[in-house]
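A.B. asks: I'd like to ask some things about the structure below.
There are 2 protein chains.
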Amino acid sequence: MAKGHVRLADVAKAAGVSQGTASNVFSRPDVVREEVRERVLNVARELGYGGPDIKGRLLRAGRVNAIGVAAVEPLAYFFDDPWARSLMTAIGEVCDASGTGIAVVSAMNEERLAWNINSALVDGFILLCVEGGERLVELTRQRQLPFIALALGIEDETIPAIGIDNVSGGAVAARHLLELGHRDIAILSIGDVDGLVGLVAPERVDPEMEATPRDRMHGYWQAMAEYGIPREAVPIQGTLHDRPSTLTAMEALFSSDNPPTAILAMSDKVALFAMQWLAEQGLKVPEDVSIIGFDGVPEAATSLPRLTTVAQPFAEIARRAVTAILENALPEDHEALDLELVVRDSTAMPRLR
Amino acid sequence: MAKGHVRLADVAKAAGVSQGTASNVFSRPDVVREEVRERVLNVARELGYGGPDIKGRLLRAGRVNAIGVAAVEPLAYFFDDPWARSLMTAIGEVCDASGTGIAVVSAMNEERLAWNINSALVDGFILLCVEGGERLVELTRQRQLPFIALALGIEDETIPAIGIDNVSGGAVAARHLLELGHRDIAILSIGDVDGLVGLVAPERVDPEMEATPRDRMHGYWQAMAEYGIPREAVPIQGTLHDRPSTLTAMEALFSSDNPPTAILAMSDKVALFAMQWLAEQGLKVPEDVSIIGFDGVPEAATSLPRLTTVAQPFAEIARRAVTAILENALPEDHEALDLELVVRDSTAMPRLR
DNA sequence: TCCATATTTTGAATCGATTCAAAATACGGT
DNA sequence: ACCGTATTTTGAATCGATTCAAAATATGGA
């Protein structure tokens, strides 16, 4: 069998029509006379022509009908990380509806990432800026395609972004615990800076923490202040947003003289790890310890007990991001979307001592 | 600001060099004299040229450096379903290593799917044939690109595919339970055929079931036979591979006079749902009921208790699939890869009655 | 200085389609 | 039979780069 090297031009010649007509047979069949259409189609079949090559069409159209989702993470991140998956699922739903494709682009190292971003065949990018966001934005800018940043960790109004109101989200979470009567509350923070592991002093938060955890922290503190609790009274344990550092943090928290009755976790992922640790220690949630997460990933709804959390409006974020890209209508300002408290089974009144 | 409509040709003209030289400046900088290179680069910067447009390059090169992963499912499936995610993670790892991109292509309805497959900018496809596999293969064939089918439900040697040895995998699972001493074993089957929900008679398995569950079933039976247990003695409850039908199946199983002491689940997903149901009923795993899954998804390693399962060699499957596509070296035969029994905490000896 | 060789640069062809103004053909009415 | 309008078809230009043989230029040795 010969190589599949039949071009539209070949078909046109063999069928004795012009290339223009042959093109119409495939892309605008209604415009060509039935008899001719049939003939061309037959010739195409005989020649083994598989329809117009997408690459040629694309070059002409200049549009790919796909959006790229990029992160400074390995590709597996998109299918592994609960937050990323929640977002991808939501993005998938919007794209399904509009017939848009999704390309995931990623890389651990800079060089690869630059190349991947430059060679991705997409009409625009959604950037997951959890880590190395600044660099990611810079790289994407060069590509000169519409892009929109999610979870942007820096404050730069020139970057089109969709954000969430982490401050009031944090406040809502903390207020929930406080209303239940908790006063001994500990915080599990998240970040990728080595220095912020272990016990973190409050004065280090502003200078050292990235925007997302910092804002959540301020939300927590704000609610605490409403109840007259000074920030120094609330221990902060820094995690690297992974299992080992979370377990270490939990150990530190519960080996103290005055272990907390409730935990504010800055992500569901960390909260879920913490719950596993508690279960292993024989501590019951929520009877012994209450815990509230952040993000609202689906795992939080099926854990045992089901995790109370502050949910991001993933669907709305995805909808805005995708339409912004597809219609090239990037938001001018950084509007922050609201989060929603989802009360489930991991929080309750503290046990009487 | 003018639209970013600067072409390589514009830069070339403005810099006073030929288009060929301008092209070399970007794609083979070593071949052009430094002085000239600088000049061209400067002009490019002034004009706001963002480097060679990938679409033009692609048209010439004929290669996209990306593979498509397709399924007859909504896009969200890739980020939701445990099995799909395990595979995607593994595929991601292989692609990361080779600098290949991934495009996920999917659609619920035929028409959309056909269009999506035809317009995906990829060098080849990996097909997740869990559902509607036959149609998916047919559609992909027309695209005339290399493709390889995974989890193919039909026996057709002309379709390049990578399979796993479901029969011996099933036998390994069943043998594990039998060796522990279980004799009252029930099967939770999977499928997307409405008719195979609820209690399924053994004689309906061969004519009605798809290849994957059918093979697993035969594996189960084979091991049963070794222990002198006739297939009629093993109740089969059909599920639709989702939560509701699994819960229904469990209810049916445990409302009988002689509830099973162990369960063979045809997927980890179903096994995990079943475990949730058992927990809700106050039945302890593995003390009251043992359960073994199938697939080896990561969730199975972090559930409580951790799920014993028969694991697919995801990494090996991904490696073979990706290299087959990239090197256009599609396998000639349907070699079936071996599965591995992973004993964890969800299986134990049956309680003495 | 001249020639042979090495290094750069050029220009046109190519990749595979789509598009659109203009030309050709068909159709209907008188 | 003829004309005006409607429908089809044509052919060349275009999308934005890469490629490569040939031409131009530089370098070095005698």
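Protein sequence lines correspond, in order, to chains A and B. Those letters in the first sequence? Residues 207 to 559, by this note's numbering. Those letters in the second sequence? Residues 207 to 559, by this note's numbering. C-beta atoms are modelled at their ideal positions from N, C-alpha and C, and glycine is treated no differently.
In terms of residue numbering, what span does the alpha helix (DSSP H) encompassing L265 of chain B cover?
C.D. replies: The residue you call residue 265 of chain B lines up with position 59 of the second sequence. Membership of L265 of chain B in the alpha helix (DSSP H) is indicated by the continuous run I260 to A267.
A.B. asks: Who are the neighbours of K261 of chain B on chain A, taking C-beta pairs under 9 angstroms?
C.D. replies: Reading the second sequence from its first residue, position 55 is the one you call residue 261 of chain B. The contacting residues are K261, L264, L265, G268, V270 and L327.
A.B. asks: Could you name the residues of chain B that D302 of chain A contacts, counting a contact when the two beta carbons are closer than 9 angstroms?
C.D. replies: Within the first sequence, residue 302 of chain A is the residue found at index 96, counting from 1. Neighbours of D302 of chain A on chain B, chain order: P280, L281, A282, S312, A313, M314 and R318.
A.B. asks: With burial defined as no fewer than 16 other Cβ atoms inside 10 Å of the residue's Cβ, what is the status of R291 of chain B: buried or exposed?
C.D. replies: For the purposes of this step, residue 291 of chain B is taken as residue 85 along the second sequence, with counting starting at 1. Answer is buried; the Cβ neighbour count reaches 16.
A.B. asks: What residues in its chain sit with their C-beta under 7 angstroms from that of N324 of chain B, if we drop five residues either side in the sequence?
C.D. replies: As a first step, residue 324 of chain B is located in the second sequence; it is residue number 118 there, counting from the start. Here the set comprises R349.
A.B. asks: Kindly indicate the opening and closing residues of the beta strand (DSSP E) around A564 of chain A.
C.D. replies: Here chain A has residues from 207 to 559 only, and residue 564 of chain A is not among them.
A.B. asks: Can you tell me whether G262 of chain B is buried or exposed? The criterion is at least 16 other CB atoms within 10 Å of its CB, across all chains shown.
C.D. replies: Position 56 of the second sequence, counting from 1, holds the residue named residue 262 of chain B. Exposed, because fewer than 16 other Cβ atoms sit within 10 Å of the Cβ of G262 of chain B.
A.B. asks: What does Q428 of chain A pair with, by DSSP beta-bridge criteria?
C.D. replies: On the first sequence, position 222 is the one that residue 428 of chain A refers to. Answer is none; Q428 of chain A lacks a bridge partner.
A.B. asks: Does S473 of chain A come out as helix, strand or coil in the three-state DSSP assignment?
C.D. replies: The residue you call residue 473 of chain A lines up with position 267 of the first sequence. Three-state result, S473 of chain A: coil.
A.B. asks: So, helix, strand or coil for A208 of chain B, using DSSP?
C.D. replies: The sequence position of residue 208 of chain B within the second sequence is 2, counting from 1. Any reading at A208 of chain B is ruled out, since the residue's pLDDT is 38, under 50, leaving its predicted position unreliable.
A.B. asks: In chain order, what are the residue ranges of uninterrupted alpha helix (DSSP H) at least 4 long that sit wholly in the stretch 486-544 of chain A?
C.D. replies: Taking only runs of at least 4 residues, the alpha helix (DSSP H) segments lying wholly in the stretch 486-544 of chain A are 505-508 and 520-532.
A.B. asks: Using a Cβ cut-off of 8 angstroms (strictly closer), state whether T364 of chain B contacts chain A.
C.D. replies: Against the second sequence, residue 364 of chain B aligns to sequence position 158. Not an interface residue.
A.B. asks: Any contact of the stretch 380-396 of chain A with the stretch 438-452 of chain A, i.e. 3+ C-beta pairs under 8 angstroms?
C.D. replies: yes
A.B. asks: Along the alpha helix (DSSP H) that carries T445 of chain B, what are the first and last residues, could you check?
C.D. replies: What you label residue 445 of chain B is simply residue 239 of the second sequence in a count that begins at 1. That residue, T445 of chain B, is in no alpha helix (DSSP H); its beta strand (DSSP E) goes I442 to T445.
A.B. asks: Report all residues from its chain with a CB closer than 6 angstroms to the CB of A208 of chain B; omit the five preceding and five following residues, and keep chain order.
C.D. replies: As a first step, residue 208 of chain B is located in the second sequence; it is residue number 2 there, counting from the start. Residue placement at A208 of chain B is poorly supported in this model, since its pLDDT is 38, which falls under 50; the coordinates are not used for a value here.
A.B. asks: Cutting at 8 angstroms between CB atoms, please list the residues of its own chain near A377 of chain A, excluding the five before and the five after it.
C.D. replies: If you number the first sequence from 1, residue 377 of chain A lands on position 171. Result list for A377 of chain A: G425, Y426, Q428 and A429, in chain order.
A.B. asks: Would you say F285 of chain B faces chain A, with C-beta separation under 8 angstroms as the test?
C.D. replies: As a working note, residue 285 of chain B is residue 79 in the second sequence. Taking Cβ atoms only, chain A reaches closer than 8 angstroms to F285 of chain B, which makes this a yes.
A.B. asks: Per DSSP, what are the beta-bridge partners of E546 of chain A in this structure?
C.D. replies: Residue 546 of chain A sits at position 340 when you count from the first residue of the first sequence. Answer is A:A517.
A.B. asks: May I ask you to report which of helix, strand or coil DSSP gives G401 of chain B?
C.D. replies: Numbered from 1 along the second sequence, position 195 holds the residue referred to as residue 401 of chain B. Helix, per DSSP.
A.B. asks: Shorter than 8 angstroms from the beta carbon of L510 of chain A to some beta carbon of chain B?
C.D. replies: Counting from one through the first sequence, the residue named residue 510 of chain A turns up at place 304. It does: the Cβ of L510 of chain A has a partner Cβ on chain B nearer than 8 angstroms.
A.B. asks: Counting only C-beta atoms, is N464 of chain B closer than 8 angstroms to chain A at any point?
C.D. replies: Residue mapping note: residue 464 of chain B aligns to position 258 of the second sequence, counting from 1. Closer than 8 angstroms: no.
A.B. asks: With a threshold of 6 angstroms on Cβ separation, who are the neighbours of F516 of chain A within its own chain once the five nearest residues in sequence on each side are excluded?
C.D. replies: Working through the first sequence from its first residue, we reach residue 516 of chain A at position 310. Looking at the sequence itself, residue 516 of chain A is Val, so the reference to Phe does not match. G375, V378, A379, F500, L545 and L547.
A.B. asks: If the cut is a Cβ gap below 7 angstroms, which residues of chain A does T418 of chain B touch?
C.D. replies: As a first step, residue 418 of chain B must be located in the second sequence, where it is residue number 212. Near T418 of chain B there are no residues of chain A at all, since even the closest Cβ is about 21 angstroms away, more than 7 angstroms.
A.B. asks: When the Cα atoms are used, what is the spatial distance from V275 of chain B to L342 of chain B?
C.D. replies: Here residue 275 of chain B is taken as the residue at index 69 of the second sequence, counted from 1. Here residue 342 of chain B is taken as the residue at index 136 of the second sequence, counted from 1. Spanning the two alpha carbons is a distance of roughly 11 angstroms.
A.B. asks: Sort A:I260, A:T346, A:L345 and A:E361 by Cα distance to S233 of chain A and report the nearest one.
C.D. replies: Reading the first sequence from its first residue, position 27 is the one you call residue 233 of chain A. Among A:I260, A:T346, A:L345 and A:E361, the Cα nearest to that of S233 of chain A is on A:I260.
A.B. asks: Between which two residues does the alpha helix (DSSP H) containing L334 of chain B stretch?
C.D. replies: Counting from 1 along the second sequence, the entry for residue 334 of chain B is found at position 128. Where L334 of chain B is concerned, there is no enclosing alpha helix (DSSP H), although the beta strand (DSSP E) it sits in stretches over F331 to L334.
A.B. asks: Leaving out five residues before and five after L532 of chain B in sequence, what residues of the same chain have Cβ atoms less than 8 angstroms from its Cβ?
C.D. replies: For the purposes of this step, residue 532 of chain B is identified with residue 326 of the second sequence, where counting begins at 1. Result list for L532 of chain B: I273, S304, T306, D329 and G330, in chain order.
A.B. asks: Using DSSP's beta-bridge definition, name the partner residues of S312 of chain A.
C.D. replies: Numbered from 1 along the first sequence, position 106 holds the residue referred to as residue 312 of chain A. Here S312 of chain A is bridged, per DSSP, to A:A277.
A.B. asks: For A309 of chain A, decide whether its Cβ has a neighbour in chain B, counting only Cβ atoms nearer than 8 angstroms.
C.D. replies: Position 103 of the first sequence, counting from 1, holds the residue named residue 309 of chain A. Yes, because at least one Cβ of chain B sits closer than 8 angstroms to the Cβ of A309 of chain A.
A.B. asks: If the cut is a Cβ gap below 9 angstroms, which residues of chain B does E299 of chain A touch?
C.D. replies: Position 93 of the first sequence, counted from the first residue, corresponds to residue 299 of chain A. Within 9 angstroms Cβ-Cβ: P280, L281 and A282.
A.B. asks: Give a yes or no on contact between the stretch 548-558 of chain B and the stretch 483-500 of chain B, applying the rule of three or more CB pairs nearer than 8 angstroms.
C.D. replies: The stretch 483-500 of chain B and the stretch 548-558 of chain B touch, with three or more beta-carbon pairs separated by less than 8 angstroms.
A.B. asks: On the criterion of 16 or more Cβ atoms from any shown chain inside 10 Å, does R422 of chain B qualify as buried, or is it exposed?
C.D. replies: The count along the second sequence starts at 1 and reaches residue 422 of chain B at position 216. When all chains shown are included, R422 of chain B counts as buried.
A.B. asks: Quick one: does L214 of chain B have its CB under 8 angstroms from some CB of chain A?
C.D. replies: Indexing the second sequence from 1 puts residue 214 of chain B at position 8. For L214 of chain B, the answer is no, since every Cβ of chain A falls outside 8 angstroms of its Cβ.
A.B. asks: Hey, does M207 of chain A have any beta-carbon neighbour from chain B nearer than 8 angstroms?
C.D. replies: Within the first sequence, residue 207 of chain A is the residue found at index 1, counting from 1. Confidence at M207 of chain A is low in this model, with a pLDDT of 33, below 50, so the placement of that residue is unreliable and no value is reported for it.
A.B. asks: Should G372 of chain B go down as buried or exposed, given a rule of 16 or more other Cβ atoms within 10 Å for buried?
C.D. replies: On the second sequence, position 166 is the one that residue 372 of chain B refers to. In the sequence as presented, Gly is not what sits at residue 372 of chain B; that position holds Asn. Flag for N372 of chain B reads buried.
A.B. asks: So that I know if they touch, is there some Cβ in chain A lying closer than 8 angstroms to that of N322 of chain B?
C.D. replies: Here the question's residue 322 of chain B lines up with position 116 in the second sequence. Yes, contact with chain A.
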